[in-house]
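**Q**
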Amino acid sequence: MNPPATHPVKGTAVQSPPASANEEPVPAPAFPLIVEANCRYGRMKFYATDKWLGRGLGLYGEWSESEVELFRALIKPGDHVADIGANIGSHTLALAGIVGAEGIVRAFEPSPDTYRVLLDNIAANLEIGEVLLDIRNCALGEREEVISCGKLDLHNPGGYELKPEPDEVDIQVSRLDDLGIERLDFAKVDVEGYELAVLNGGAETIARCRPILYIEADRAGSFLALSHWMIDHGYRVYIHKPPLFNPHNFNGYPTNVWGNIVSLMLLGIPREKYLNLDNIKSLERVRAKRV
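Each number in this note's numbering corresponds to the 1-based position in the sequence shown with 337 added.
(1) Could you give the uninterrupted runs of the beta strand (DSSP E) lying entirely in the stretch 356 to 427, keeping only those of 3 residues or more?
(2) Give me the Cβ distance between S401 and L601, rounded to the nearest whole Å; I'm assuming they're in contact under 8 Å.
(3) Looking at the structure shown, is I435 part of a helix, part of a strand, or coil, going by DSSP?
(4) Can you list, in chain order, the residues of its chain with a C-beta nearer than 6 Å to that of G391? Leave out the 5 residues immediately preceding and following it.
(5) Would DSSP call Y611 helix, strand or coil?
(6) Among the candidates K388, M381, G393 and I371, whose CA atom is the shortest distance from the CA of Y590?
(7) Do you know how far the Cα of T451 is from the Cα of E439?
(8) Would the stretch 413 to 427 and the stretch 510 to 522 be scored as touching if the rule is three or more Cβ pairs under 8 Å?
(9) Going by CA-CA distance only, name the one from W566, E553 and R556 that's closest to G538.
(10) If you draw a straight line from the alpha carbon of Y572 to that of L370, how long is it in whole angstroms?
(11) Label A557 either buried or exposed according to how many other C-beta atoms from any shown protein chain fall within 10 Å of its C-beta, with 16 as the threshold for buried.
(12) Can I443 and E481 be called in contact, C-beta distance under 8 Å?
(13) Restricting to Cα atoms, I'd like to know which of I549, K578 and G437 is closest to F523.
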């Protein structure tokens, strides 16, 4: 579906490498791969073929704003936060605006192609000194390694998984515990089934810094595994199901193309930290039981 006519999207052509003398020239794509639009947190580039985040930015000028609304209740100016699985930076920019000039945003994106779009979006919307950024082209996991993964699915770039596929794209995997992070107040983890590996590889940092955790849990078996991990490590755990559609979206586009689709997220609050969550009606407490 095309974006509404009242909010046109400007295309940006992607250059193909020159063909050698013995190769047939590669035809230009029929439409631009990367497009851009004015969005809630600035002018953003995104994949034209992306049926999720890209479609949301094109139609509504935002992506999963219900998650950002929750972030505002949990994060303070000056906080140090991590966006693990940053994609093209829609939440990275939102987090930067929340923590401000005294805060730090650390963003991690494994796909080299998506990382380049992330850098473009940060450069276009954040001034030097506006916020301290640490942007890394790597995945976080349980061990330091390099995984040869498949190519990006342009219909769902945010669904990029660390599945070994020889001779494709080498992805650097680092451990959160090896990064020398001294302070971490909040971490969003959305890494397509790799969430538990991120937690295991960051267990020492999490035990020392005690950040609020916000983790995707929509894979088979991940809900119980992640809930148990957080409870075992001293967290109160809540279910959060943010709807994709926001009737008050940035573009004012009224049609809900998402229907009743929601994300399945887990919010972890350190037991020793008091936060008044009474006014957040979308949260449901989890009390996991061992089988």
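For glycine and all other residues, C-beta sits at the position ideal for the given N, C-alpha and C.
**A** Taking the geometry as given:
(1) Runs of the beta strand (DSSP E) lying entirely within the stretch 356 to 427, each at least 3 residues long, are 371 to 376, 379 to 384 and 417 to 421 in chain order.
(2) On the sequence shown, position 64 is the one that residue 401 refers to. On the sequence shown, position 264 is the one that residue 601 refers to. Not a contact, Cβ separation roughly 12 Å.
(3) Translated into the one-based positions of the sequence shown, residue 435 becomes position 98. Three-state result, I435: helix.
(4) Taking the first residue of the sequence shown as position 1, residue 391 is located at position 54. Correct list, in chain order: F383 and Y384.
(5) Within the sequence shown, numbered from 1, the residue matching residue 611 stands at position 274. Annotated three-state conformation of Y611 is coil, per DSSP.
(6) Taking the sequence shown and counting its residues from 1, the one referred to as residue 590 is at position 253. Answer by Cα proximity: G393.
(7) One-based indexing of the sequence shown puts residue 439 at position 102. One-based indexing of the sequence shown puts residue 451 at position 114. C-alpha separation (whole angstroms): 27 Å.
(8) Contact holds: three or more Cβ-Cβ distances are below 8 Å.
(9) Position 201 of the sequence shown, counted from the first residue, corresponds to residue 538. That would be W566, whose Cα lies nearest to the Cα of G538.
(10) Locating residue 572 in the sequence shown gives position 235, where the first residue counts as 1. Locating residue 370 in the sequence shown gives position 33, where the first residue counts as 1. Looking at the two C-alpha atoms, the distance is approximately 42 Å.
(11) Numbered from its first residue, the sequence shown carries residue 557 at position 220. Exposed, by the Cβ-count rule.
(12) Translated into positions along the sequence shown, residue 443 becomes position 106. Translated into positions along the sequence shown, residue 481 becomes position 144. Correcting the residue type first, residue 443 is Arg in the shown sequence and not Ile. Cβ atoms of R443 and E481: not closer than 8 Å.
(13) Position 186 of the sequence shown, counted from the first residue, corresponds to residue 523. Looking at the Cα atoms, I549 is the closest of the given residues.
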